[in-house]
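Residue 149 in my numbering sits at position 148 of the sequence shown; the count goes up by one each step and never skips.
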Amino acid sequence: MNFYKTRIHIRLAALVATILFFGACKKALDKEPLSNITPEKYLQEEGQLAAYAIARYPDILPSHGNWSFGTFGTDGNTDNMVIPALDNKFIPGLWRVEATGGDWSFTNIYQTNYFLNTVLPRWKAGQIVGNADNIKQYIGEIYFLRAYEYFKKLQTLGDFPIVRGVYPDEKEILTQISKRQPCNEVARFIISDLDSAALLLKASPVSSKNRISKECAQLLKSRVALFEGTWLKYFKGTAFVPNGQNWPGKAKDYNSNYQFPSGTIESEIDYFLTQAMASAKVVADAIALVSNTGTIESPNNENPYFNMFSATNMSGYSEVLLWRQYAAGLVTHNVPVYAQAGNYAVGLSRSMVESFLMDNGLPIYATGSNYQGDDYIADVRKNRDGRLTLFLKEPGQKNVLLNAGQGTHATAIEPTPRIYEPGYEQKYTTGYTIRKGLSYDAAQANNGQGYTGSITFRASEAYLNYIEASYEKNGLIDADATRYWQQLRARAKVNIDFQQTISATVMSRETQDWGAYSANALVSPTLYNIRRERRSELMAEGLRFMDLKRWRAMDQMITTPYHFEGFKLWGPMRSWYTAAQIIYGATDTKAIVSDPALSLYLRPQEIRSNADSYKGARWTMAHYLSPIATQHFNITSTGGNFATSPIYQNPGWSTAGGSIPTGL
């Protein structure tokens, strides 16, 4: 386990005059020469606390990396977005227990614990020099960051040790603190940290919304509580929840008599959903949605909702709660280049595109929907939910409106989807690509030199969290949920009568959307449409896999393969390409696209029969959680007997390195 050999390294970046992570600029105040600073003399004044906290942001929070589609590509390998190579988690037998490493890591937790263990006693004793409100802000940030890091562990590993202290490199001590706490206890710990953070943090905006605010803590609390409440609900009775059948934690003496804090799992579910509703409501009531007005192809009549995702300064957008700022020539990325091209080979799925409603609020298959079909991308966009109209690319669109002629990699006019390109740089994987994150400024399209911001949190999620939590808890759409849902749909330019949508929904027509399922059963039309709204609003924002896991939305693929599809290549759009650009044949080594005998729709992962993904995506129950690497059992056991380790493996996985899951 990575408690071993972990040390706090006071880096130069934490002490120099300017720190660019998330746009923060904090100057050192009357410091000694750097060579004289020791851990004992550090974290004693406001500027040091600020620098230490901001240096943790890029290690813990999501933001745009350089040679990728940034946060917009995170939903790749879900039913929303497709990349050329299918992840091993969807090919049973290929995801194996690692010998070392994995998600069982404590580096970031150690960093936050070091700060809290050092600073809190000094703060309570009045020994921290500086502005009192600022000092509280930076302590609140660390509570938040520890919570965020623990939430990542909750999603990947479930049960996890709750570690608040900083410990020496002694095996006996570190083995004892390796005891895994039940997932709901981890979630309660995260919520406690977020409550502490909310008490200390300043309200939004904090300067330029580049630092964590009280509203960020409340939003994350709603996300965590909704995650855990729905996880417990849909995995109830299984090995994935405390006291469920074959729960591996039961085999350890420290968990053998576990009792839920609220008495029963039903009460625990209710507790988390109540917390989710309350914290989401605080944010939703306080923060207005950005408007979807104006046009998107005129620099003088901008659409705030469209431009929010690619602005260089996002502070003026009401619903942005936290964003990372970049700086020309200093901290940059390549998202603008990829947004004007093929999205770094991250394509929208047919399932994602078809799930969007018509602007009259009807599903595409409903009588009177006015759906124009999918023979051409232009037809797909007509009369649709405004979010699809805004963010789905169409050949011939203008990608450059400002500084024409600048940008070494600018793509001024959207081309016919380049489905034939090799690699990732220019490839259009599915034929469907998005404009979320597209900047019209050609100056942003110098290779690797873009500096548009990246959104970390935005308030629309709180609206969605409340709607879902209230329905999951009470089985109805209350007045607040109605108001939030209508506001989201009005902004999307969709008929606000969601009851009309629910009445027109036929669940047997929605089976390509994984969110239509929980535990291998189709959910109700009402719950499905709540999930549909979430899917449409948060497309390409990195939350889809989290949602699919907590909904237990992939069981149906244990027995039935799923085929990722893109646009309707084998229709009139076939004429867009030369014969050499659409070579097909399962055994042809030169094949570029999938055989029309499989489907009229492009299947980018089923081009050659020797590909592991050729027969579609499958699921294994164990894959809802990641395995713990063998190394960590070896370190914490006696005499190589892994049964003596306080750590237990996740359901369905073995402790043997290289092993694959067994059935559950």
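Virtual Cβ for every residue (Gly too), placed ideally from N, Cα, C. This structure is a prediction, so every number in the text was calculated from the model and none was measured.
Report the residue from Ser600, Gly245, Ile583, Phe261 whose alpha carbon sits nearest the alpha carbon of Ala592.
Checking every option, the nearest Cα to that of Ala592 belongs to Ile583.
Looking at the secondary structure, which residues open and close the alpha helix (DSSP H) in which Ser576 lies?
Per DSSP, Ser576 belongs to no alpha helix (DSSP H) and is neither H nor E.
Helix, strand or coil at Ala15 according to DSSP, with G and I counted as helix:
The predicted model places Ala15 with a pLDDT of 36, which falls under 50 and marks its position as unreliable; any figure quoted below should be read in that light. The answer is helix: DSSP assigns Ala15 an H, G or I state.
Give every residue of the same chain whose Cβ lies closer than 7 Å to the Cβ of Asn404, excluding the five residues on either side of it in the sequence, and list them in chain order.
Within the same chain, Cβ atoms closer than 7 Å to the Cβ of Asn404 are found at Asp442, Ala443, Ala444, the five residues on either side in sequence being excluded.
On the DSSP letters alone, give me the boundaries of the alpha helix (DSSP H) that Phe273 sits inside.
Membership of Phe273 in the alpha helix (DSSP H) is indicated by the continuous run 266-287.
Separation of Gly438 from Gln138, as counted between CA atoms
Taking the Cα positions, Gln138 is about 30 Å away from Gly438.
Whether Asn490 touches Ser519 by CB criterion (8 Å)
A quick correction: the sequence has Arg, not Asn, at residue 490. No.
Going straight from the alpha carbon of Ile661 to that of Ser370, what length do you get?
Computed Cα separation, rounded: 46 Å.
Beta-carbon separation of Glu422 and Asn400 under 8 Å?
Asn400 sits away from Glu422, with the two beta carbons spaced by 8 Å or more.
Tell me whether Arg325 is buried or exposed, calling it buried when 16 or more other Cβ atoms sit within 10 Å of its Cβ.
Counting other Cβ atoms within 10 Å of its Cβ, Arg325 reaches 16 or more and is therefore classed as buried.
Quick one: Cα of Trp654 to Cα of Ile297, how far?
Roughly 50 Å between the two C-alpha positions.
Alpha carbon to alpha carbon, how far is Arg212 from Ile140?
The straight-line gap separating the alpha-carbon atoms of Arg212 and Ile140 is approximately 12 Å.
Measuring only the C-alpha atoms, how far is Asn466 from Ala618?
Between the alpha carbons of Asn466 and Ala618 lies a distance of about 29 Å.
Taking only runs of the alpha helix (DSSP H) that begin and end inside the stretch 356-402, which ones reach a length of at least 4 residues, in chain order?
For the stretch 356-402, whole alpha helix (DSSP H) runs of length 4 or above, ordered along the chain, are 378-382, 387-392.
Bridge partners for Thr430 per DSSP, in chain order?
Thr430 pairs with nothing; no bridge assigned.
Sequence ranges, beta strand (DSSP E) only - wholly within the stretch 429-483, length at least 3:
DSSP runs (the beta strand (DSSP E)) wholly in the stretch 429-483: 455-459.
Status (buried if at least 16 other CB within 10 Å, exposed otherwise) for Ile478
The Cβ neighbour count for Ile478, taken over all protein chains shown within 10 Å, is at least 16; the residue is labelled buried.
What residue from Ala541, Trp577, Asn448, Asn642 has the CA that sits closest to Thr457's CA?
With distances taken between Cα atoms, Thr457 lies closest to Ala541.
Spatial neighbours of Phe73 within its chain, please: C-beta separation below 6 Å, excluding the five flanking residues on both sides.
Within the same chain, Phe73 has close Cβ partners Lys437, Gly438, Ala541.
Is any beta-carbon of chain D found at less than 8 Å from that of Val242?
No chain D appears in the structure shown, which is made up of a single protein chain.
Counting beta carbon pairs with one atom in the stretch 356-368 and one in the stretch 500-514, are three or more of them shorter than 8 Å?
These segments touch.
Count the C-beta pairs between the stretch 494-503 and the stretch 352-362 that are closer than 8 Å, then say yes if the count reaches three, no if not.
These segments touch.
Here's a check: name, in chain order, each residue in its chain whose Cβ is nearer than 7 Å to the Cβ of Ile648, leaving out the five neighbours to either side.
Answer for Ile648: Ser179, Arg181, Ile629, His633, Phe634, Thr637, listed in chain order.
Let me know the secondary structure DSSP gives Ser638 once reduced to three states.
DSSP places Ser638 in coil when its eight states are reduced to three.
Under a Cβ-count criterion, where at least 16 other Cβ atoms within 10 Å of its own Cβ denotes burial, should Glu33 be classed as buried or exposed?
Reliability of the predicted coordinates at Glu33 is poor, the pLDDT of 43 falling under 50, and no value is obtained from them.
At the level of alpha carbons, what is the spacing between Gly397 and Cys184?
In this structure, the CA atom of Gly397 is about 50 Å from the CA atom of Cys184.
Output the distance between the C-alpha atoms of Gln557 and Ala517, rounded to the nearest integer angstrom.
Computed Cα separation, rounded: 10 Å.
Ala328 bridges to which residues according to DSSP?
Beta-bridge partners assigned by DSSP to Ala328: Val332.
To the nearest angstrom, how far is the alpha carbon of Asp134 from that of Gly159?
Each residue's Cα considered, the two are about 35 Å apart.
Per DSSP, the bridge partner or partners of Ala240
Bridge pairing for Ala240: absent [DSSP].
Hey, would you say Phe568 sits closer than 8 Å to Gly659, going by beta carbons?
Contact flag unset, no.
Rounded to the nearest angstrom, what separates Ala198 and His410 at their Cα positions?
For Ala198 and His410, the distance between alpha carbons rounds to 43 Å.
Can Ala54 and Met278 be called in contact, C-beta distance under 8 Å?
No, the Cβ-Cβ distance between Ala54 and Met278 is not below 8 Å.
Using beta-carbon positions only, say whether Ser205 and Leu62 come within less than 8 Å of one another.
Annotated as distal: Ser205 and Leu62, with beta-carbon spacing of 8 Å or more.
Supposed close pair Thr621, Pro93 - CB separation, criterion 8 Å:
Yes, they are in contact, since the Cβ atoms of Thr621 and Pro93 sit about 5 Å apart, within 8 Å.
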